[in-house]
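To start, the structure itself, in structure tokens.
Residue numbers (my numbering): 638 to 767.
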């Protein structure tokens, strides 16, 4: 799958986002090392702390299907700025793929590419707890 196709999948997921409070729809598409793609959207909740981001939705779907190794993730939001993963998402993604590539897109479909390590320097995961 090309980067642009992965970004488009993330953009498409915004349509099913549940964002009645922020009205900020986010979609994500997470590609495993074997080429499968797991999608997600943000799901808000009246108890704001219970909200789950699009990235974590995609990640949890993948893990629930037995997939724990990933190559890259595309994240698309509704603004003119690029949609970067929050700190909690960065840590959750680091748990499974320290070398993950992140494609952060804006509403026009333009995107920037960066490594998860750049977004989460000195991150820790299961390998650091041994």
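Don't be surprised by glycine CBs; every beta carbon is placed ideally from N, CA and C.
Within 10 Å of its beta-carbon, does residue 673 have 16 or more other beta-carbons around it, so buried, or fewer, so exposed? Counting from 1 along the chain shown, the entry for residue 673 is found at position 36. Label assigned to residue 673: exposed.
Would you please state the rounded distance, in angstroms, between the beta carbons of residue 709 and residue 754? I believe it to be under 8 Å. For this step, residue 709 is matched to residue 72 along the chain shown. For this step, residue 754 is matched to residue 117 along the chain shown. That belief does not hold up - the Cβ atoms of residue 709 and residue 754 are roughly 13 Å apart, past 8 Å.
Does the contact criterion of 3 or more C-beta pairs under 8 Å hold for the segment 699 to 716 versus the segment 733 to 747? Enough Cβ pairs lie closer than 8 Å, so yes.
In whole angstroms, what is the alpha-carbon distance linking residue 645 and residue 705? For the purposes of this step, residue 645 is identified with residue 8 of the chain shown, where counting begins at 1. For the purposes of this step, residue 705 is identified with residue 68 of the chain shown, where counting begins at 1. If you draw a straight line from the Cα of residue 645 to the Cα of residue 705, it comes to about 23 Å.
Please report how far the alpha carbon of residue 661 lies from the alpha carbon of residue 655, in whole angstroms. The residue you call residue 661 lines up with position 24 of the chain shown. The residue you call residue 655 lines up with position 18 of the chain shown. Across the structure, residue 661 and residue 655 are spaced so that their CA atoms are roughly 9 Å apart.
Quick one: Cα of residue 743 to Cα of residue 767, how far? As a first step, residue 743 must be located in the chain shown, where it is residue number 106. As a first step, residue 767 must be located in the chain shown, where it is residue number 130. If I take the Cα positions, the gap works out to 38 Å.
I need the DSSP call for residue 767, collapsed to helix, strand or coil. Working through the chain shown from its first residue, we reach residue 767 at position 130. Looking at residue 767 - three-state DSSP - the assignment turns out to be coil, as it is neither helix nor strand.
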